[in-house]
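Residue numbers (the working numbering): 226 to 502.
Right, here's the structure in full:
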């Protein structure tokens, strides 16, 4: 009889939890730092599941280069400027090796593989319920010395900044604009969207703490992704166009939908339409 997949998952989770608890007990009272515990946990999990060292080496190399930063469990933020610098270096335009990593180029090339997806230019709209004194939020911002800019023409709104994100406070919603430097890498577009949602919820939590309010409706956030762009990295077609110095713009009845873009030296095939992209 075939084994129930959920049983295997439960055993996997059990092994990880047991490993973590075992290590916590071993380190208890010895003043070890959290980073050392996390390092040991990673090593133990690798031993239990026979994992190779390439993935951890890749992450270490990218962290040293300053290209990625951990923002949550299993979620990494990409610094686009650092990524662009590395990409130029990797193409041989600038000869510069990192003394901290033996073979940085080789390590990075395994991470950003052909047709990986870069999700960026995200925008979220969060629906809010009827909040007490929400119409007096500007008074609260002034009283607590929270910097903001007035937005809206036929409605009154405020724009505040949270970790580089532009956050609009409107009468019926919260709008979050991700900054240009926020990109998320993944195997699929859906992966990168999930990472962006994680970041969106982190930003919303900060807004809630700042304004001392909850935006949850029935214990959940009611939101939608109102803008999203996805690009295939190191795409074969994009490489051909970039090599010849040609441009490609694809339009639908709704406007510009697809372009070949090499602004980050990544040979990207990118969808750009705000609704269907």
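All C-beta atoms, glycine included, are put in the ideal place defined by N, C-alpha and C.
message: Below 8 Å, how does it come out for the segment 347-361 and the segment 438-455: are there three or more Cβ pairs, yes or no?
response: Cβ pair count under 8 Å is three or more, so yes.
task: Leaving out five residues on either side along the sequence, give the residues of the same chain with a beta carbon under 6 Å from the beta carbon of residue 449.
output: Working through the chain shown from its first residue, we reach residue 449 at position 224. Around residue 449: 350.
Candidates 404, 408, 384 and 374: closest to residue 295 by CA position: Your numbering for residue 295 matches position 70 in the chain shown. Put simply, of 404, 408, 384 and 374 the residue whose alpha carbon is nearest the alpha carbon of residue 295 is 408.
message: Pairs of beta-carbons, one from the segment 425-436 and one from the segment 387-404, closer than 8 Å: are there three or more?
response: Yes, they touch.
task: Taking only the alpha-carbon atoms, compute the straight-line gap between residue 363 and residue 306 and give it to the nearest angstrom.
output: In the chain shown, the residue the question calls residue 363 occupies position 138. In the chain shown, the residue the question calls residue 306 occupies position 81. So the alpha carbons of these two residues sit roughly 35 Å apart.
task: Could you check how far apart the C-beta atoms of residue 361 and residue 417 are, in whole angstroms? I think they sit under 8 Å.
output: One-based indexing of the chain shown puts residue 361 at position 136. One-based indexing of the chain shown puts residue 417 at position 192. Going by Cβ atoms, the distance from residue 361 to residue 417 rounds to 38 Å, so no, they are not a contact pair.
- prompt: Would you call residue 341 buried or exposed, if buried means 16 or more other Cβ atoms sit within 10 Å of its Cβ?
  reply: As a position in the chain shown, residue 341 is number 116, starting the count at 1. Residue 341 sits buried, since 16 or more C-beta atoms from the chains shown fall within 10 Å of its C-beta.
Enclosing alpha helix (DSSP H) for residue 368 [first to last residue]: As a first step, residue 368 must be located in the chain shown, where it is residue number 143. In the DSSP annotation of this structure, the continuous segment of the alpha helix (DSSP H) that includes residue 368 starts and ends at 362-368.
Rounded straight-line distance, which links the Cα of residue 366 to that of residue 443: As a first step, residue 443 must be located in the chain shown, where it is residue number 218. As a first step, residue 366 must be located in the chain shown, where it is residue number 141. Residue 443 and residue 366: Cα-Cα distance of roughly 27 Å.
task: In angstroms with no decimal places, state the Cα-to-Cα distance between residue 395 and residue 447.
output: To locate residue 395, count along the chain shown from 1; it is residue 170. To locate residue 447, count along the chain shown from 1; it is residue 222. Those two C-alpha atoms are separated by around 15 Å.
task: Using the Cα positions of residue 183 and residue 377, report the straight-line distance between them to the nearest angstrom.
output: As shown, the chain starts at 226 and ends at 502. That puts residue 183 outside it, with no answer to give.
- prompt: Among 393, 428, 371 and 412, which has the Cα closest to the Cα of residue 218?
  reply: Since the first and last residues shown for the chain are 226 and 502, residue 218 lies out of range.
- prompt: Which value, in whole angstroms, describes the spacing of the CA atoms of residue 403 and residue 348?
  reply: Against the chain shown, residue 403 aligns to sequence position 178. Against the chain shown, residue 348 aligns to sequence position 123. Our two residues, residue 403 and residue 348, have alpha carbons roughly 6 Å apart in a direct line.
query: Out of curiosity, what's the CA-to-CA distance linking residue 380 and residue 451?
result: Translated into the one-based positions of the chain shown, residue 380 becomes position 155. Translated into the one-based positions of the chain shown, residue 451 becomes position 226. Rounded to whole angstroms, residue 380 to residue 451 spans 20 Å at the Cα level.
field: Start-end ranges of the beta strand (DSSP E) lying completely within the segment 365-424, minimum 3 residues
entry: Counting only runs of 3 or more, we get 374-376, 382-387, 390-394, 398-402 and 407-411.
Residue 375 versus residue 382: straight-line alpha-carbon distance, rounded: Numbered from its first residue, the chain shown carries residue 375 at position 150. Numbered from its first residue, the chain shown carries residue 382 at position 157. C-alpha separation (whole angstroms): 6 Å.
- request: Please go through the same chain and pick out, in chain order, the residues whose beta-carbon is closer than 6 Å to the beta-carbon of residue 414, but skip the five residues on each side of it.
  value: By one-based count along the chain shown, residue 414 stands at place 189. So the qualifying residues of the chain are 342 and 455.
Residue 451 in three-state terms, based on DSSP: The sequence position of residue 451 within the chain shown is 226, counting from 1. In the structure shown, residue 451 sits in a strand (DSSP, three-state: E or B).
task: Would you list the residues sitting across from residue 349 in a DSSP beta bridge?
output: For the purposes of this step, residue 349 is identified with residue 124 of the chain shown, where counting begins at 1. DSSP, once it has assigned bridges, lists 401 and 450 as partnering residue 349.
task: Report the three-state DSSP secondary structure of residue 343 (helix, strand or coil).
output: Here residue 343 refers to the residue found at position 118 of the chain shown. If DSSP states are grouped into helix, strand and coil, residue 343 belongs with the strands.
- prompt: Residues in its own chain within less than 6 Å of residue 453 by CB, not counting five upstream and five downstream?
  reply: Within the chain shown, residue 453 is the residue found at index 228, counting from 1. Answer for residue 453: 347, listed in chain order.
Residue 420 versus 345, 368 and 292, residue with shortest Cα-Cα distance: Position 195 of the chain shown, counted from the first residue, corresponds to residue 420. The option with the nearest alpha carbon to residue 420 is 345.
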